[in-house]
Amino acid sequence: MTPSEQANPRRTRAAFLTWAVPVVVGAALALYRLGGPQLWRDELATWSASGRSLPQLWGLLQHIDAVLGIYYFGMHLWMAVFGDSATALRLPSAIAMAITAGVVGLIGRRLGGNTAGVAGGVVFALIPSVSRYAQEARPYAFATLFAALATLMFLRAMERPSWSRWAIYAVVLAAAGTANLIALCVAAGHLAILIWDFLQRTVRVGGDGTPETGRRIPGERVAPEGSPLLLLTRFCVAVVVGAILISPLAIKGHSQQAGQIGPYIKPGVAQLIGITGSLWQELFASFPAAAVIMLLAVASLAAAPDARRRSTALYALSFAISPVVAVWVISHGSTSYWMFRYMLFSTFGWALGAGLCIAYLAERVPGTRLARLSGRVSPRLAAAAVLVAVVGLAGIHDQFALRQNEAHNLWAYPELPSNGEPADYRAAAAVIAANEKPGDAIAFQVSDDNHYQVDTAMRYYLGGKLPKPVFEAQTQVQADAEQPTECNNPASCFSGTPRIWVAYVDHLATDPFSALPWPEETYLQILGYQAQTMWQENGITVALLTVS
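Offset between the sequence shown (1-based) and this note's numbering: plus 916.
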């Protein structure tokens, strides 16, 4: 066997490990206690929407959540096969995020070789927010997957700018938009690279010169395929095509955004930099992990051994920073989109930068005294493994914290106090299940602007044993909405039951009567109902009202 033939199996094995190792690590973290944290209100909204029949789901999307329609339809089919347990609802996101780690590995390999690919992919998988939203029954994992995949397709199109490759890029970019319209901002990182190349009159994006990764970037790319102007033109055409593909969702979503997107602040420069507002620690769901990963990513500029690889490090930082800047800019329009989980997809850029830095530093180890400490293990591999382990240890406390029972309610974790208050829906439902009697009725807190899905939570955790809602004129399904329709005249809906359960969020009401709409509160008090017993379950109170 010739030396070249011997090298091919090793090269193939290294290429396989570049994406396989991140996938395995990502899957392990995503699956660990996948069903442990109870569902929070956004996940309950997914269950409520996706559990409807297809005509009922279509009716809902005419009023709200049209931008999530494709995800809901997919989850409808998934639930029909795998059920609606917390584990089943979250498993698609876990799979998507594990695959994303592999895609990040492939991007890193394309930019900096095998070591950079493995390190970048594993660092991405180790980010606490990544595994947090891998365990979320919402489409953020899919937005991150398609944003990363669009970046990989972008690099491929830059290396060989055929129309077919740009068409694939447009389709994948549109797919990112179907998961979350804000994920389209990933194209801002691509545009920043193209503009820089255009101004420098050189094509800078490519591989490291090996057959697996493609053509080289600055300084060593002898015959680039296409001028910077040609690449910029084709990129713009591809982005326009991608935008056209999802324009129906964007148009319908724009008409619904007043009822779907909360009144988020218009961020200032301080919020963009992260001086105020906790951007970076919430984006990573960990201050230590954010500090270590961002430090490594920025340090990659200094660690790069030459100008070519320094440019590569800049590209990784562009993938991380430019999308956030784009969201910051559009948030100064009529609607602010400055919500950190919307920008989760940008974390893969920081992971790529950290992976490149780890690879650059590992290259220097064989020529130092530290190489003697590695024994039979490759000094480069040992150094890379140690640095990746440091990243993992930085976020280990938050990894455990994010898997606690009510962790998903604290959606602004680790910022405290956050908008996400504790709400132990499961314990509240258990109280009703243990103390309910035949003929009981139930009333819900449904009037809060920031709908806490108390009624949906009780339906989910009580299953078919929910007491009859007493003041409900239309169910959520009948109303084509996320909330039921209350009776205009409480007396017309009241059946005279002697026992009424009321479940409400503590910080939104002081007592069970104030939790109800004013007509219902007044009517029950006139009839002489009083709170017989109250159970407080960490953010949720369950009260039993009786009349003598």
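A virtual CB, placed ideally from N, CA and C, is assigned to each residue, including glycine.
* Cβ shell of Tyr1056 (< 7 Å), same chain only, five flanking positions each side left out -> Tyr1049, Asn1096, Arg1257 and Leu1260
* Give every residue of the same chain whose Cβ lies closer than 7 Å to the Cβ of Asp1000, excluding the five residues on either side of it in the sequence, and list them in chain order. => Trp963 and Gly967
* Asked: How many Å lie between Val1418 and Glu1436 at the Cα?
  -> 12 Å
* What whole-angstrom Cβ distance do Val1157 and Ala1213 have, given they're in contact under 8 Å? -> In fact, because the Cβ distance is near 31 Å, the residues do not count as touching under 8 Å.
* To do: Check whether the Cβ atoms of Pro1204 and Ala1310 sit closer than 8 Å, and answer yes or no.
  => yes
* So who's on the other strand from Tyr1420, going by DSSP bridges? -> Thr1457
* Would Ala946 pass as a contact of Val1304 if the rule is Cβ separation under 8 Å? -> no
* Report the rounded CA-to-CA distance for Asn1348 versus Met1450, giving the unit in angstroms. => Residue identity differs from the one stated: residue 1348 is Ile in this sequence, not Asn. Each residue's Cα considered, the two are about 11 Å apart.
* **6 Å CB neighbourhood of Leu1005 in its chain, flanking five on each side removed** => Ala1053
* Close-in-space but distant-in-sequence residues of the same chain around Pro1078 (CB under 8 Å, 5 per side omitted) -> It is Ser, not Pro, that sits at residue 1078 in the sequence shown. The answer is none, since no qualifying residue turns up.
* **Closest Cα partner of Gln1051 within the set Ala1073, Leu1318 and Thr1391** => Leu1318
* **Sequence-distant residues of the same chain with beta carbon closer than 7 Å to Phe1114, five excluded per side** => Pro1144, Leu1145 and Leu1148
* Asked: Do Gly1379 and Gly1024 have their CB atoms nearer than 8 Å?
  -> no
* Which runs of the alpha helix (DSSP H), 4 residues or longer, sit entirely within the stretch 1065-1125? -> 1079-1095 and 1102-1116
* Considering Glu959, what are the terminal residues of the beta strand (DSSP E) in which it resides? -> That residue, Glu959, is in no beta strand (DSSP E); its alpha helix (DSSP H) goes Arg957 to Ser966.
* By how many angstroms is the C-alpha of Val1153 removed from the C-alpha of Phe1163? -> Sequence check: residue 1163 is Ser here, not Phe. So the alpha carbons of these two residues sit roughly 15 Å apart.
* Asked: Which partner residues of Ile1358 appear in the DSSP bridge assignment?
  -> Pro1385 and Trp1417
* Within this structure, are the beta carbons of Tyr1368 and Ala1339 separated by less than 8 Å? -> yes
* Coarse secondary structure for Met1450, derived from DSSP in three states -> strand
* Terminal residues of the alpha helix (DSSP H) in which His992 lies -> Gly985 to Phe998
* Asked: With DSSP run on the structure shown, which of helix, strand or coil describes Thr1391?
  -> coil
* Asked: Looking at the unbroken alpha helix (DSSP H) that takes in Asn1030, where does it start and where does it end?
  -> Asn1030 to Leu1042
* From Phe1040 to Val1307, what distance separates their C-alpha atoms? -> 10 Å
* **Span separating the alpha-carbon of Phe1228 from that of Gly1029** => The question names Phe, yet the displayed sequence has Thr at residue 1228. Each residue's Cα considered, the two are about 11 Å apart.
* **Through-space distance from Ala1012 to Ala1407, alpha-carbon basis** => 49 Å
* Rounded Cβ spacing between Trp1082 and Arg1150 (contact assumed at less than 8 Å) -> 5 Å
* Asked: Using 8 Å as the Cβ pair cut-off and three pairs as the minimum, do the stretch 985-997 and the stretch 927-946 touch?
  -> no
* Asked: Do Ile1456 and Tyr1341 come within 8 Å of each other at the CB atom, strictly closer than that value?
  -> yes
* Asked: Just how far apart, CA to CA, sit Gly975 and Ala965?
  -> 10 Å
* Going along the chain, which residues of its own chain have a beta-carbon closer than 8 Å to the beta-carbon of Leu955, five neighbours each way excluded? -> Trp963, Ala1002, Leu1005, Ala1053, His1324, Tyr1341, Ala1373 and Tyr1376
* Asked: How would you label Val1362, buried or exposed, when you count the other beta carbons within 10 angstroms and need 16 or more for buried?
  -> buried
* Asked: When the Cα of Ala1359 is compared with those of Glu1388, Gln1399, Ala1186 and Ile1237, which residue comes out closest?
  -> Glu1388
* Status (buried if at least 16 other CB within 10 Å, exposed otherwise) for Trp1222 -> The amino acid at residue 1222 is misidentified as Trp; the sequence shows Asp. Exposed.
* Note down, in chain order, each residue of its chain lying with its Cβ closer than 7 Å to the Cβ of Ala1066, except the 5 sequence neighbours on either side. => Tyr1085, Val1088, Leu1089, Ala1092 and Val1102
* Asked: By DSSP, does Glu1402 sit in helix, in strand, or in coil?
  -> strand
* For Met1210, which residues from the same chain have a beta carbon less than 7 Å from its beta carbon, with the 5 sequence-adjacent residues on both sides left out? -> Trp1196 and Trp1266
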